[in-house]
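Working notes, beginning with the structure itself.
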Amino acid sequence: MRYLEAGAAMVALALSGLALIGSAGVHAAGAPARVVSINVCTDQLAMLVAETDQLHSVSYLSREPQNSAMSEEAAAYPLNHGQAEEVFLMRPDLVLAGTYTRRATVALLKRLGFQVEQFPPATSFDDVRANLRRMGTLLARPERAEALVADLDAGLDQARATRSGRRVALSFSNSYTSGVGTLSQAVLDAAGLDNIAGELGIEGTERLPLETLIMADPDLIVSGERDYGAPALAGENFRHPAYRALARRKTFVAVATKYWVCGGPFTLQAVRILREAATASPSLARHGE
Amino acid sequence: MSEIAAYRLLLASLALATGILFALSLMVGPAGIAFSDSLRALVLGGGGDETREAMALVMREIRLPRALLGLGIGASLGLSGAVLQGLLRNPLAEPGLLGVSASASLGAVLAIYTGLSAAVPLGLPLAALAGAVIAVLVVQAMAGGGGTLAIILAGVAVSSFAAAMTSLTLNLSPNPFAALEIVFWMLGSLSDRSMTHVWLAGPFIVVGCVVLFRLGPALDALTIGNDGARSLGVNVARVRLFAILGTASAVGGATAVAGAIGFVGLVVPHLLRPLVGAVPSRLLPASALGGAVMVLAADVAVRLIAPDRDLKLGVLTSIVGAPFFLWLVWRARREQA
Chain X
1 MRYLEAGAAM VALALSGLAL IGSAGVHAAG APARVVSINV CTDQLAMLVA ETDQLHSVSY
61 LSREPQNSAM SEEAAAYPLN HGQAEEVFLM RPDLVLAGTY TRRATVALLK RLGFQVEQFP
121 PATSFDDVRA NLRRMGTLLA RPERAEALVA DLDAGLDQAR ATRSGRRVAL SFSNSYTSGV
181 GTLSQAVLDA AGLDNIAGEL GIEGTERLPL ETLIMADPDL IVSGERDYGA PALAGENFRH
241 PAYRALARRK TFVAVATKYW VCGGPFTLQA VRILREAATA SPSLARHGE
Chain V
1 MSEIAAYRLL LASLALATGI LFALSLMVGP AGIAFSDSLR ALVLGGGGDE TREAMALVMR
61 EIRLPRALLG LGIGASLGLS GAVLQGLLRN PLAEPGLLGV SASASLGAVL AIYTGLSAAV
121 PLGLPLAALA GAVIAVLVVQ AMAGGGGTLA IILAGVAVSS FAAAMTSLTL NLSPNPFAAL
181 EIVFWMLGSL SDRSMTHVWL AGPFIVVGCV VLFRLGPALD ALTIGNDGAR SLGVNVARVR
241 LFAILGTASA VGGATAVAGA IGFVGLVVPH LLRPLVGAVP SRLLPASALG GAVMVLAADV
301 AVRLIAPDRD LKLGVLTSIV GAPFFLWLVW RARREQA
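Spelled out as C-alpha cells, the structure:
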C-alpha cells in the first residue's frame, strides 16, 4: 500500500514537473503566447480576437462547416480533439474550454497546473458581448474585443428598426424547439419575430411534439441544419407527411446551425436571414391583424 | 361453461380490450383535441377550415398511424412468441430472447444509416427481415438438440452481438445525432411514426401473421413430439421453415419501424396459456390480441406518464416483463427443489 502511494506521488510529481516545463513559455507581459482551445465556441471567439500566432490549436469541430461559422479560418490551425494528453503535449500557456463540455479533461488539465478558462454558452447578445470582452482580456487584446462588440451592436441596431410580430416556430432535429433563455430566442427577438414557444410556456430547449406544432399554427417555420452527410432518425420529423403538409402551407426558413449554435458576431447572420424571410414572404401579417 | 365457450369469451374480451385501447390511443396526445372534434376530424377530414384542417392532419397523419402500428406490432410480437414457444417447446422462446428483435434492429440500422433504405424502396424492411432470419438460423444451428439452456445461451450471444454491432454502426456514423439513437433501437418507440411507416411495415406484418396463424394445427400435433407429429402427417421441416419466415417477416417489419420492443412475446403467451387449456392453435389468436393489448396499453401509458419526454416503449414493457421473468425463474427453482 505504501509503495503504491509513493509511486502515485512520484507520478504526480513527474507530471507536475512536466507541466511546469510546459508552461515555461508565458510572456513576461502576461499575454499568453500559446493558446489552445478545445471547444467549438471558444475556438471561434479566440480566432476572432487573437493576434497572429497567439492561438496555437483549435478543436476539430471548428473545421466542420455545419457547426462552425469559421470553418475556413480554422483550416490554418493545427487541430485537437479535446483530449488531455493531446493538449498536454501542445504545452499551452492558456487552455480555453466550454463550461459544460469535456469536464473530466478540464479537471485533469487544472490538476496538472495548466491555466484553463471556461466560457459559458451564450444565451443572449449580452452574453456574446461579455464573452468577447473576457476573451479580449485573457488574450491581452481588449481593443480588438471592443471593436468586435461595436460591430455587433451596430448590426443589431440596424436589424431592430422594425418589428413584424409574425409568429415563428423553431423546429430542430428530433422535434426540439427553443424558448425563453436561449440564444435562438434572442435571435428571434432581434429579428422582430414572436416565438410560439412563449405561448406554449416552453423555456430553454424542449421537445415540441408534432401535434402541438401543427395546432399552434405558426406563420413561419424555422429550422436548422438538416444535412449532416449521413442519415439519422433525428431528421425523421422533417420527413413526416404531416410536417411537410404544414411546411407547404407556411413560410419555411432554414438558418444554418453554425450561425447560432455558438454566440458570436456571426450570429448576426441568423438575424438577417430571419428578417429577410419575414419581410419577403407574401403572406405577411395574415394573422392577428 | 364448456371449454369452447370459455375460449370464445376470452377472445371476445381480448378483442374488446384491443378496440378500447386502439380508440384510447387515438384520443391521447399533447394537442388536447376534444373527443367529438377528433372523431369528426378523423372521419370527415378538415373541410377547408384552418383549425379543422390542422386537427385532421393530427388525427390522420400522426395518431392513426401510431395506433395502427401499435396494433400490428403488438400482434406480431405476441403471435411470434406463441409460435416460437410451441415450435421449440420451450417456455423461454420469444423474439427478444432469441436475438430476433436485436438482429432485426441491426439490419434496420445498417439499412438506414448507410443510406440503403433511401436508395432501395423496400430496403429497410427487407434488411430487418434478413437480420431476423439470420438470428433464428444461428440460434437453431447453435442450439441443435441441446435443449432450453443451449437455446437461451445462443439467444443471449446473438442478442449481445447484434446490440454491439448496432452501437458500433451508430457510433461510427458521421451524423452527430446517430449515437443518441441507440436508445431507440434498443428500447423501441412509436413516437411520431407516419403513414409511410405503416405502408412500409404493414404488408410484412400481415404476411408474417397470416403465415404464423396457419401453423396452429401443426403446432397442436407437435405437442406430442416430432415423431408423433410426423406420424400424423406433419412435415416438421416445413413447419419450422414457415415459423422462421413468418416470425422474421412479422418481427422484421415491426422492428424496422419501431425498434426492438422486448418481453411482449414472452409474457403474453405465458399469461394466456392456462386460459386456453394449453392448446397451441387456440393460443395463437389469443396471443396476437394479447400482444396488441400490451403494446397499445404501453404506448398510451408512455404518453400519459411523460408526455414531453418521448419515453421509450421498451422501458414500460420491460418494467412489466422483467419481474415476470424473475417470477418464472423463481417458479422453475421451486419445481426443481
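Protein chains in written order, with the UniProt record's numbering: chain X, 1 to 289; chain V, 1 to 337.
Backbone N, C-alpha and C fix where the C-beta goes; we use that ideal spot for every residue, glycine too.
In this text, all values refer to a predicted model and were calculated from it rather than measured experimentally.
Secondary structure of residue 174 of chain X (DSSP, three-state): helix.
Bridge partners of residue 195 of chain X according to DSSP: X/168. At a beta-carbon threshold of 8 Å, the residues of chain V lying near residue 207 of chain X are 308, 309, 310, ordered along the chain. Judged by pairs of C-beta atoms under 8 Å, the stretch 87-95 of chain X touches the stretch 109-126 of chain X, as three or more such pairs exist.
At a beta-carbon threshold of 9 Å, none of the residues of chain V lie near residue 179 of chain X; the nearest stands roughly 13 Å away. Those residues of the stretch 164-183 of chain V placed with their C-beta closer than 8 Å to a C-beta in chain X are 173, 174, 175, 176, 177, 178, 180, 181, ordered along the chain.
Contact between residue 316 of chain V and residue 301 of chain V holds, with the beta-carbon distance rounding to 6 Å and staying under 8 Å. Residue X/265 holds the alpha-carbon nearest to the alpha-carbon of residue 128 of chain X among X/144, X/265, X/110.
Assignment of residue 207 of chain X by DSSP, reduced to helix, strand and coil, places it in the strand class. No Cβ of chain X is located within less than 8 Å of the beta carbon of residue 186 of chain V. Using a Cβ-Cβ distance cut-off of 8 Å, the stretch 199-219 of chain V and the stretch 253-264 of chain X are not in contact, since fewer than three pairs of beta carbons, one from each stretch, lie closer than that value. Runs of the beta strand (DSSP E) lying entirely within the stretch 255-282 of chain V, each at least 3 residues long, are absent. Between the alpha carbons of residue 236 of chain V and residue 227 of chain V lies a gap of roughly 9 Å. Contiguous beta strand (DSSP E) elements confined to the stretch 187-240 of chain V do not occur, taking only those with 3 or more residues. By the Cβ neighbour-count rule, residue 83 of chain X is exposed, with fewer than 16 other Cβ atoms within 10 Å of its own. Within its own chain, the residues whose Cβ lies closer than 6 Å to the Cβ of residue 164 of chain X, once the five positions on either side in sequence are excluded, are 192, 278, listed in chain order. Taking a Cβ-Cβ cut-off of 9 Å, residue 28 of chain V has no neighbours in chain X, whose nearest Cβ is about 10 Å from it.
A direct Cα-Cα distance of roughly 7 Å separates residue 42 of chain X from residue 119 of chain X. Look at residue 57 of chain V: its C-beta is under 8 Å from a C-beta on chain X. Residue pairing of residue 118 of chain X in beta bridges, as defined by DSSP: X/97.
Counting of Cβ neighbours within 10 angstroms places residue 16 of chain V among the exposed residues, the total staying below 16. Looking at the DSSP output, residue 67 of chain X shares a beta bridge with no other residue. Only those residues of the stretch 191-205 of chain V whose C-beta falls short of 7 Å from the nearest C-beta of chain X are listed: 192, 194, 195, 196.
Counting C-beta pairs with one atom in each stretch, the stretch 259-273 of chain V and the stretch 67-81 of chain V have three or more that are closer than 8 Å, which means they touch. Residue 260 of chain X is positioned such that its CB atom lies no closer than 8 Å to that of residue 173 of chain X. Short of 6 Å from the beta carbon of residue 131 of chain V, and not among the five residues preceding or following it, lie these beta carbons of its own chain, in chain order: 103, 104, 106, 107. Those residues of the stretch 218-232 of chain X placed with their C-beta closer than 7 Å to a C-beta in chain V are 228, 229, 230, 231, 232, ordered along the chain.
Residue burial annotation: residue 125 of chain X is buried, with at least 16 other C-beta atoms found within 10 angstroms of its C-beta. Here residue 202 of chain X carries a coil assignment [DSSP, helix/strand/coil]. Residue 185 of chain V is classed as buried because its beta carbon has at least 16 other beta carbons within 10 Å across all chains shown. Nearest CB-CB separation between residue 175 of chain X and chain V: below the 8 Å threshold. The DSSP-derived three-state label of residue 221 of chain X is strand.
Scanning the stretch 136-187 of chain V for uninterrupted alpha helix (DSSP H) segments of 4 residues or longer gives 147-172, 182-187, listed from N- to C-terminal end.
When the Cα atoms are used, residue 194 of chain X and residue 160 of chain X turn out to be separated by approximately 13 Å.
The C-beta of residue 336 of chain V has fewer than 16 other C-beta atoms within 10 Å across all chains shown, which makes the residue exposed.
Listed in chain order, the non-local C-beta contacts of residue 65 of chain V below 7 Å within the same chain comprise 193, 194, 195, 197, 198, local neighbours out to five positions each way being set aside.
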